[in-house]
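What follows is a single structure, written as structure tokens, with notes after it.
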Amino acid sequence: MSFTTRLPQPTATLAAVTDSRVDQAAIAERLLREAASATGPRREDLLDQAIVASVPLARTLASRYYRRGVDAEDLDQVAYEYLVKAARSYQPDDTSDFRSFAIPTIRGGIRHHFRDHAWAVKMPRRLQDIQTQLTVTEAALAARLERWPSSHELAEALGLEVKEVVEAQRAQGCFNPSSLDIPLHDDSSITRGQLVADPADTYQLVDQIESLRPVVANLPARDRLIFQRRFLEHRTQAEIGHEIGVTQMQVSRLLGRIMLQLRLALSV
């Protein structure tokens, strides 16, 4: 996705004024206040200059969302678009401050873009909102508890039903799903896609299930528990780690090893 928002070209005077954010904010504020009482071409010129002075602010806000699955140039364009909207709707008074007005406007526009355009698998807005809350709350609780919080603890902290938290956790891959071509772990030549049975080939699927029964039965007790929690009860890796006393990363590695054993059993 690309935007066609065009920023006004900087004048020679404004292009030279890049010493500090304080200077830029002060210049933008002064220009917008002058624009509020101007009319015609003079007003448009003042607005354009104020927007140019505020471009570093918009770019800084956009940069905080880089590397989250959306192209950086697209995020910059969204930030510029909402900067223009903020400048043109700003109504200065004795107590107002454009920076304080523009920041939530631009940030809200970027978040709106993520909600409406960046999901690989579209989810209900309710689940998207819960996931946003989970990201913040999980980190805060983990720091306070010195371990990863359980779904029950998260639900209590957020004032939600446990089933709502679990549903949002299960859908966490919908924003930026992992590729099926990714190896199970660093040293593996087996990809995730190779472990997915063809749903159209029911004979193959039944054969694989029957072949795996004795392999799963012979797994060590902890491995069987991990397998059951992950693939039958659909628990998150964080929940499994909390239950067996290891980190989420260790659970990921254990799952990779277990899946490798099952894959090798099928290849015999």
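Be aware that the sequence shown starts at 1, since it is given in the UniProt record's numbering, and climbs by one per residue. For every residue, glycine included, the Cβ atom is placed at its ideal position computed from N, Cα and C. Nothing here was measured: the structure is a model prediction, and the numbers come from that model.
Check: Going by the beta-carbon positions, is the gap between alanine 143 and proline 149 smaller than 8 Å?
Finding: Taking the sequence shown and counting its residues from 1, one reaches residue 143 at position 143. Taking the sequence shown and counting its residues from 1, one reaches residue 149 at position 149. Against a cut-off of 8 Å, the Cβ pair of proline 149 and alanine 143 comes out as no contact.
Notebook entry, point to check: Which residue from Glu153, Arg107 and Leu160 puts its Cα closest to that of leucine 61?
Noted result: Position 61 of the sequence shown, counting from 1, holds the residue named residue 61. Ranking Glu153, Arg107 and Leu160 by Cα distance to leucine 61 puts Arg107 first.
Check: When the Cα atoms are used, what is the spatial distance from arginine 263 to aspartate 129?
Finding: By one-based count along the sequence shown, residue 263 stands at place 263. By one-based count along the sequence shown, residue 129 stands at place 129. Taking the straight line joining both Cα atoms gives about 37 Å.
Note to self: Could you tell me the alpha carbon to alpha carbon distance between glutamine 77 and glycine 245, rounded to whole angstroms?
What the structure shows: Counting from one through the sequence shown, the residue named residue 77 turns up at place 77. Counting from one through the sequence shown, the residue named residue 245 turns up at place 245. Rounded to the nearest angstrom, the two C-alpha atoms are 45 Å apart.
Item checked: Buried versus exposed call for methionine 259 [16 or more other C-beta atoms within 10 Å across all chains shown] -> As a first step, residue 259 must be located in the sequence shown, where it is residue number 259. So methionine 259 counts as buried.
Item checked: 7 Å CB neighbourhood of alanine 50 in its chain, flanking five on each side removed -> Your numbering for residue 50 matches position 50 in the sequence shown. Taken in chain order, the residues that qualify are Ala28, Leu31, Leu32, Ala35 and Ala87.
Check: Going along the chain, which unbroken runs of the alpha helix (DSSP H) with 4 or more residues stay wholly within the UniProt domain "RNA polymerase sigma-70 region 2" (55-119)?
Finding: 72-89 and 98-117
Next item on the list: Below 8 Å on the Cβ atoms is my guess for glycine 109 versus tyrosine 82; work out the distance and round it to an integer in Å.
Entry: Mapped onto the sequence shown, residue 109 falls at position 109. Mapped onto the sequence shown, residue 82 falls at position 82. At roughly 3 Å, the Cβ-Cβ gap stays under 8 Å, so glycine 109 and tyrosine 82 are in contact.
Check: Grouping DSSP H, G and I as helix and E and B as strand, with all else coil, what is phenylalanine 34?
Finding: Residue numbering aside, residue 34 sits at position 34 when the sequence shown is read from its first letter. Inspection of the sequence shows that residue 34 is occupied by glutamate rather than by phenylalanine. It is helical.
Item checked: Length of the line joining the Cα atoms of aspartate 71 and threonine 105 -> Translated into the one-based positions of the sequence shown, residue 71 becomes position 71. Translated into the one-based positions of the sequence shown, residue 105 becomes position 105. Taking the straight line joining both Cα atoms gives about 20 Å.
Margin query: Beta-carbon within less than 6 Å of histidine 113's beta-carbon, same chain only, minus the 5 sequence neighbours each way: which residues are those?
Written below: If you number the sequence shown from 1, residue 113 lands on position 113. The residues are Val78.
Notebook entry, point to check: Which value, in whole angstroms, describes the spacing of the CA atoms of residue 280 and arginine 67?
Noted result: Residue numbering for the chain in the displayed model covers 1 to 268; residue 280 lies beyond these limits and cannot be assessed.
Checklist line | Span of the alpha helix (DSSP H) around leucine 160 | finding: Residue mapping note: residue 160 aligns to position 160 of the sequence shown, counting from 1. It is not in any alpha helix (DSSP H) - leucine 160 carries neither H nor E in the DSSP assignment.
Next item on the list: For valine 162, I'd like the list of residues in its chain whose CB is within less than 8 Å of its CB, leaving aside the five on either flank, ordered along the chain.
Entry: The residue given as residue 162 occupies position 162 in the sequence shown. Once the five neighbours on either side are set aside, the close Cβ partners of valine 162 are Ser151, His152 and Ala155.
Margin query: For aspartate 223, which residues in the same chain have their Cβ closer than 6 Å to its Cβ, ignoring the five residues on either side in sequence?
Written below: On the sequence shown, residue 223 is found 223 positions in, with the first residue counted as 1. Excluding sequence neighbours, aspartate 223 sits near Ile258.
Item checked: Straight-line gap, valine 17 to arginine 235 (C-alpha atoms, nearest Å) -> Mapped onto the sequence shown, residue 17 falls at position 17. Mapped onto the sequence shown, residue 235 falls at position 235. Since pLDDT at valine 17 reaches only 40, below the 50 mark, its modelled position is unreliable, and the value read off the structure follows with that caveat. Going from the Cα of valine 17 to the Cα of arginine 235 covers about 55 Å.
Checklist line | Anticipated Cβ contact below 8 Å, leucine 47 with alanine 102, distance rounded | finding: By one-based count along the sequence shown, residue 47 stands at place 47. By one-based count along the sequence shown, residue 102 stands at place 102. That pair is no contact at about 13 Å.
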